[in-house]
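The sequence shown runs 1 to 401 under UniProt numbering.
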Amino acid sequence: MGTKSIGKRLILIVICLLVVMGLALGVKKARKRLASAPQWKPRPVPVQVDKAVRETLRDTMRYLGFVEAAATANVAPRITATVVSVRVDEGDAVREGDPLAELDDRDIQAEVRALAARVESLEAKLEALEASIAAARRNVAFLRTEFERDRKLFEKKGISASALDASRNRLDTAVGRLDSLAAERRSVRREMDAAKAQWEEARTKLSYTRITAPVSGVVTRRMVDVGDLAKPGQPLLELMDCSSAKIVFEAVQEDLGFLRPGLRIWVHWPEGVPHFAEETRISRVFPALEGAKSVRVEADIPWSCSQPVRPGSYLALDVVVKEGTGTTVSRRAVVETDGASFVFGVRSGRLQKIPVRVVFMTEDRALVEGDLREDESVAVGEYLQWIRWHEGMAVSEEVRS
1 MGTKSIGKRL ILIVICLLVV MGLALGVKKA RKRLASAPQW KPRPVPVQVD KAVRETLRDT
61 MRYLGFVEAA ATANVAPRIT ATVVSVRVDE GDAVREGDPL AELDDRDIQA EVRALAARVE
121 SLEAKLEALE ASIAAARRNV AFLRTEFERD RKLFEKKGIS ASALDASRNR LDTAVGRLDS
181 LAAERRSVRR EMDAAKAQWE EARTKLSYTR ITAPVSGVVT RRMVDVGDLA KPGQPLLELM
241 DCSSAKIVFE AVQEDLGFLR PGLRIWVHWP EGVPHFAEET RISRVFPALE GAKSVRVEAD
301 IPWSCSQPVR PGSYLALDVV VKEGTGTTVS RRAVVETDGA SFVFGVRSGR LQKIPVRVVF
361 MTEDRALVEG DLREDESVAV GEYLQWIRWH EGMAVSEEVR S
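Okay, here's the thing in structure tokens:
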């Protein structure tokens, strides 16, 4: 009985050992299978990325401008007369002083001749008066000597009082004649001065019948023909100065805070057309608003009348209101929250928050300062994507097209 009990126990122990060994072997094999099986890892989230670039970023404002001549001159007559000749037409180049037109001068020529004759007559009369005055002075001098001699004789009782009175009367008459001639000379001189002034005025009016170019340039408009009656203040021709021009655009009053003289302007000239420099600067911003509540802005440019882009042509303009050189990223890469800004840099396949300071933004780029390396990838997205991203998140890069 005791022997059977011991045998059963031994068998039971052996069975237990075999079971334990089998379990241990099974666990070992299971561990091997688990070790050789691929481990689970979170799948990287695909994100669009852009590169941080070092460049010069410009914030511009687009305007539609037009070319305008820097100076134009309306050539108008100063007198009323009939046009007898027009020597230029639209498109003709002229130099300062070149003859442009002529007016009928017959009446003025007659007036000039009449006044010249009057001046000549008065000069002859004045010359005769000068001779008479010289003779009168000699006569006065002689009679004064005679009177002094007679006075001395009278004092010595050599002549009578009536003889002395006669001598005095002759002297007084001669002095009176001299004074009369001098007064007449002054009158003739005044007449001659007036006649000369009238003569000079007539000759000036005569010069007004020859219309000349006040400046060098090109005739842009002809508004008169032979036979027309020219009147003061009514333009005959319009000249355009070819030495310079200006680009003009109208800005709304909200833009006045950005615009000031000296700002750079990029000019988009028509493609394939010879032109001047693509860059110029604002020359002046007018101080008052126009009727349409806009302000006039001008930029001076060099010019030539041979330039194919003519005054009145419209041009696209980009005014550079801000400019800076540094690291730039896509505007969609900048995350702004709680008064701070950062970007998600992609480093070693994971997102990393990189604090930045935004200097300024354009429509699609941002100039930033921070721990960003040139050519480093930054994640680009929208608000709903940003709130799903977090520090250390595994990502795969998809370069923006």
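Cβ coordinates follow ideal geometry from the N, Cα and C atoms, glycine included.
Treat the numbers as computed from the prediction; the structure is a model and nothing was measured.
Give the secondary structure of residue i by DSSP, where H, G and I count as helix, E and B as strand, and everything else as coil.
i, result
"Gly386", "The sequence as given places Trp at residue 386; Gly does not occur at that position. In the structure shown, Trp386 sits in a helix (DSSP, three-state: H, G or I)."
"Met393", "coil"
"Phe286", "strand"
"Asp300", "strand"
"Asp255", "helix"
"Arg222", "strand"
"Gly349", "coil"
"Gly26", "helix"
"Met12", "In the sequence under discussion, the amino acid at residue 12 is Leu, which differs from the Met named in the question. If DSSP states are grouped into helix, strand and coil, Leu12 belongs with the helices."
"Ile79", "coil"
"Arg54", "strand"
"Arg95", "coil"
"Leu263", "coil"
"Arg281", "strand"
"Val88", "coil"
"Val309", "coil"
"residue 419", "Past the boundaries of the shown model lies residue 419; the chain is included only from 1 to 401, so the question cannot be answered."
Candidates the options: which alpha carbon is nearest residue i's?
i, options, result
"Ala288", "Trp303, Ile282, Arg310, Gln253", "Gln253"
"His268", "Cys305, Ala183, Leu317, Pro232", "Leu317"
"Glu397", "Val359, Trp386, Val346", "Val346"
"Ile301", "Pro308, Phe249, Phe342, Ala277", "Ala277"
"Arg284", "Leu256, Ser306, Gly272", "Leu256"
"Thr280", "Ile265, Arg177, Glu271, Arg118", "Ile265"
"Val248", "Arg331, Arg95, Ala299", "Ala299"
"Val320", "Leu12, Tyr63, Ala333", "Tyr63"
"Glu55", "Ile159, Arg373, Val399, Ala379", "Arg373"
"Asp92", "Thr220, Asp179, Pro261", "Thr220"
"Ile282", "Arg78, Ile211, Gly262, Val378", "Gly262"
Buried or exposed: residue i, going by 16 or more other Cβ atoms within 10 Å of its Cβ?
i, result
"Lys156", "exposed"
"Val27", "exposed"
"Thr327", "buried"
"Asp105", "buried"
"Val226", "exposed"
"Glu376", "buried"
"Lys246", "buried"
"Phe142", "exposed"
"Phe147", "buried"
"Gly272", "exposed"
Which residues bound the beta strand (DSSP E) around residue i?
i, result
"Ala316", "314–330"
"Lys51", "45–51"
"Leu103", "99–103"
"Leu239", "237–240"
"Gly158", "Premise fails: Gly158 is in no beta strand (DSSP E) and is neither H nor E."
"Gly370", "365–370"
"Ala379", "377–380"
"Val335", "335–337"
Considering just the uninterrupted stretch of the alpha helix (DSSP H) at residue i, what are its terminal residues?
i, result
"Ile133", "106–155"
"Lys246", "Per DSSP, Lys246 belongs to no alpha helix (DSSP H); it is in the beta strand (DSSP E), 244–252."
"Gln198", "161–207"
Which partner residues does residue i have in the DSSP bridge list?
i, result
"Pro355", "Phe342"
"Asp59", "Lys322"
"Leu64", "Ala316"
"Ile211", "Ala101"
"Ala69", "Ala245"
"Trp398", "For the record, residue 398 in the displayed sequence is Glu; it is not Trp. Glu398 is bridged to Gln48."
"Gly217", "Val94"
"Ala230", "Ala81"
"Met361", "Ala366"
Relative to the ligand MN, is the shortest distance from any of its heavy atoms to the C-beta of residue i smaller than 7 Å?
i, result
"Val224", "Of ligands this structure carries none, so the ligand MN is not represented either."
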